[in-house]
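What follows is one structure encoded as structure tokens, with my remarks underneath.
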Amino acid sequence: MIQRWLRFKYQDTIRFGTLEGKRIQIWEGAMFAEPKPSGKFVDLDDVKVLMPTQPSKILALWNNFGALGAKLNLARPAEPLYLIKSPNSYLDPQGIVRQPAAGGKVVFEGELGIVIGKNASRVSEADAGKYIFGYTCANDVTVADILNRDPSFAQWVRAKGLDTFCPFGPVVASGLDPGTLTVKTILNGEVRQDYPVSDMLFSAAQLVSLISQDMTLYPGDIILCGTSVGVGSMKPGSTVEVEIEGIGKLSNRFE
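If you're matching positions, the sequence shown starts at 173 in our numbering and goes up one per residue.
Spelled out as structure tokens, the structure:
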């Protein structure tokens with residue numbers, strides 16, 4: 173059964189629950205520690221939807237989709253290539269992505285996010301699914317011309333870690349098979365990305381297993397699976413939506 177979990181603010185209190193149509197069922201306890209349904213409901217229109225988890229870290233993949241790798245003439249990586257999105261970059265659904273003070277070409281990257289449900293350290297690929305709580309939508313915003321500005325040092329963290337540069341949500345959907353999903357990125361009403369998650373070079377289970385060999389993943393942490401063809405720039409006033417059927421639609425303006 174698919175459940176769509178979200179965090180929200182209601183009457184000055186932050187709660188969590190499951191989205192059921194246009195209503196939210198409030199749950200008690202902690203999202204990742206055997207929560208219990210309260211039987212109480214609130215209307216979605218009466219709450220402010222927040223980022224669905226509070227990650228200790230968000231890791232973002234590079235060169236994890238066959239189509240984009242082929243377009244850029246990249247060799248297939250032998251292991252996951254990833255960077256970290258810093259906590260200052262995390263942004264709620266409907267939040268405003270801000271122009272960087274340094275200027276530059278700002279691009280969108282619609283992505284699937286894997287949400288970790290319990291401590292994962294050196295787990296096997298066969299067991300990795302037990303550590304995945306669900307999946308979410310994300311926009312891995314990047315200042316493209318910062319990346320290789322200094323030929324001696326690729327500035328991945330700076331280019332992708334500026335304030336407001338990692339919106340995600342609006343929900344975490346559990347009970348999905350990621351291999352059946354499609355990621356769409358819509359810029360001002362025009363579909364710019366439309367690619368299958370099945371084109372990933374490293375599957376969700378492989379990513380969780382291999383990354384957990386390097387570092388412990390904690391409940392609420394997110395692995396962004398990487399992006400595919402169709403990445404493009406945003407102009408001030410643009411609205412970018414990342415939509416994955418079964419999860420929902422993440423929408424943010426760039427100003």
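For glycine and all other residues, C-beta sits at the position ideal for the given N, C-alpha and C. Computed from a predicted model, the values in this text were never measured in an experiment.
{"Query": "Extent of the continuous beta strand (DSSP E) run through residue 222", "Result": "220-222"}
{"Query": "Within-9 Å CB hit, residue 288 to chain D", "Result": "No chain D is part of this structure, which consists of one protein chain only."}
{"Query": "Cα-Cα separation, residue 330 to residue 374", "Result": "25 Å"}
{"Query": "Residue 260, buried or exposed, once every other Cβ within 10 Å from all chains shown has been counted against 16", "Result": "exposed"}
{"Query": "Proximity below 9 Å, CB of residue 269 to CB of residue 337", "Result": "yes"}
{"Query": "Contact set for residue 277: own chain, Cβ-Cβ below 8 Å, skip 5 residues either direction", "Result": "315, 316, 317 and 405"}
{"Query": "Beta-carbon gap between residue 320 and residue 414 smaller than 9 Å", "Result": "no"}
{"Query": "Neighbourhood of residue 350 by C-beta distance below 7 Å, restricted to the same chain and skipping five residues each side", "Result": "284, 307, 369 and 376"}
{"Query": "Nearest-angstrom Cβ-Cβ length linking residue 222 and residue 264, presumed shorter than 8 Å", "Result": "5 Å"}
{"Query": "Start-end ranges of the beta strand (DSSP E) lying completely within the region 190-219, minimum 3 residues", "Result": "195-200 and 208-215"}
{"Query": "Proximity below 9 Å, CB of residue 367 to CB of residue 324", "Result": "no"}
{"Query": "Beta-carbon proximity check, residue 300 vs residue 380, cutoff 9 Å", "Result": "yes"}
{"Query": "Neighbour-count burial assignment, residue 251, 16 or more Cβ in a 10 Å radius", "Result": "exposed"}
{"Query": "Limits of the unbroken alpha helix (DSSP H) element including residue 383", "Result": "376-386"}
{"Query": "Three-state class that DSSP yields for residue 319 in the structure shown", "Result": "coil"}
{"Query": "One or two residues paired with residue 365 in a DSSP bridge", "Result": "357"}
{"Query": "Backbone CA spacing between residue 236 and residue 365 [nearest angstrom]", "Result": "15 Å"}
{"Query": "Cβ neighbours of residue 417 in the same chain (closer than 8 Å, five flanking residues each side left out)", "Result": "353 and 354"}
{"Query": "Neighbourhood of residue 408 by C-beta, 8 Å cutoff - its chain only, sequence neighbours within 5 removed", "Result": "271, 426 and 427"}
{"Query": "Buried versus exposed call for residue 394 [16 or more other C-beta atoms within 10 Å across all chains shown]", "Result": "buried"}
{"Query": "Residue burial classification, residue 179 (beta-carbon count within 10 angstroms, cutoff 16)", "Result": "buried"}
{"Query": "Beta-carbon spacing of residue 230, residue 256 below 9 Å", "Result": "yes"}
{"Query": "Among 219, 198 and 202, the one whose alpha carbon lies nearest that of residue 209", "Result": "198"}
{"Query": "Integer Cβ distance of residue 225 from residue 361, believed to fall under 8 Å", "Result": "The Cβ separation is near 29 Å, so there is no contact."}
{"Query": "Opposing strand residues paired with residue 283 [DSSP bridges]", "Result": "310"}
{"Query": "Length of the line joining the Cα atoms of residue 232 and residue 196", "Result": "30 Å"}
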